[in-house]
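Here is the structure we will look at.
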Amino acid sequence: ILFFIFSGFIADTNSNTSFYYLKYDVEIQGKVAGWMTSTKTVSSDKSEIKFLIDSKVEVDFLTKIDVRYNLESIFKNNFLNISRLVNIVNKDTQTYTRLQWDGIRYQTWNKDKSEYINAQKIVYSIGCLYFKEPVGLTTLFSEKYLAFCPITKNGEYYTVSFPDGNKSIYKYQNGICVWVEAKQKLYKIIFRLKEIK
23 ILFFIFSGFI ADTNSNTSFY YLKYDVEIQG KVAGWMTSTK TVSSDKSEIK
73 FLIDSKVEVD FLTKIDVRYN LESIFKNNFL NISRLVNIVN KDTQTYTRLQ
123 WDGIRYQTWN KDKSEYINAQ KIVYSIGCLY FKEPVGLTTL FSEKYLAFCP
173 ITKNGEYYTV SFPDGNKSIY KYQNGICVWV EAKQKLYKII FRLKEIK
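Residue numbers (the working numbering): 23 to 219.
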């Protein structure tokens with residue numbers, strides 16, 4: 023059993039910005055195929071929190087596939103203000119989304135298409151999942167799909183269901199995500215916490 027003492031360190035002695043870091047092994051078909059990091063940066067006055075997820079995975083089914091994923095979510099005064107997501111497969115951008123609060127509503131961009139979301143301010147998203155257990159939540163916002171997704175709790179696991187039919191299952195210890203199973207149509211991906219600081 024893993025017990026974590028989770029404390030941030032000061033990244034900038036002048037601004038007293040707090041920085042937190044998690045690193046995961048990414049496993050496909052029982053083998054480590056890459057890594058994922060999740061970081062959380064809190065401003066000195068705690069009014070802004072930036073979540074950043076970055077990953078690199080290489081798999082070799084019939085051909086070699088190189089997947090890069092990068093998500094940045096910035097919360098101001100406890101609400102999602104800006105997000106950017108890029109998913110690149112073999113140097114080809116498969117997904118590119120952006121979201122920004124304009125003071126009244128959210129404007130979104132999915133590649134070249136722009137729309138508005140007439141919703142209340144977003145308080146929890148995929149970007150938060152690794153650092154904050156979604157206790158009591160029934161929905162969360164996906165920066166990839168630019169949509170709210172249902173989340174259900176079953177025992178010690180949380181399941182997020184996405185619009186394309188895929189699901190991800192999350193497990194926590196002391197509020198930190200220690201394990202994820204991402205179910206795809208043909209295979210599943212395991213994210214296992216390796217390092218915390």
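By construction, the Cβ of each residue, glycine as well, lies at the ideal position given by its N, Cα and C atoms.
Residue i versus residue j: straight-line alpha-carbon distance, rounded
i: Lys135; j: Gln122; result: 14 Å
i: Gln51; j: Ala141; result: 39 Å
i: Asp47; j: Asp76; result: 12 Å
i: Met39; j: Leu74; result: According to the sequence shown, residue 39 is Thr rather than Met. Their backbone Cα atoms lie some 15 Å apart in a straight line.
i: Tyr179; j: Gly158; result: 13 Å
i: Trp57; j: Ala204; result: 14 Å
i: Ser183; j: Thr115; result: 24 Å
i: Gly197; j: Tyr152; result: 8 Å
i: Leu107; j: Glu49; result: 22 Å
i: Ile110; j: Ser69; result: 32 Å
i: Phe163; j: Asp67; result: 25 Å
i: Ile221; j: Glu137; result: In the structure as shown, the chain starts at 23 and stops at 219, and residue 221 therefore has no counterpart that could be examined.
i: Thr174; j: Thr61; result: 25 Å
i: Glu155; j: Cys171; result: 16 Å
Nearest-angstrom beta carbon gap, residue j and residue i [assumed within contact, 8 Å]
i: Pro185; j: Tyr167; result: 5 Å
i: Val200; j: Lys189; result: That pair is no contact at about 18 Å.
Interface flag, residue i vs chain C, CB-CB below 8 Å
i: Val79; result: You won't find chain C in this structure, because it holds only one protein chain.
Range of the contiguous beta strand (DSSP E) that encloses residue i
i: Tyr118; result: Asp114 to Trp123
>> Runs of 3 residues minimum, wholly inside the segment 171-198: which ones carry the beta strand (DSSP E) assignment?
In response: 179-183 and 189-195
>> I'd like the ranges of any beta strand (DSSP E) spanning at least 3 consecutive residues and lying wholly in the segment 147-172.
In response: 161-164
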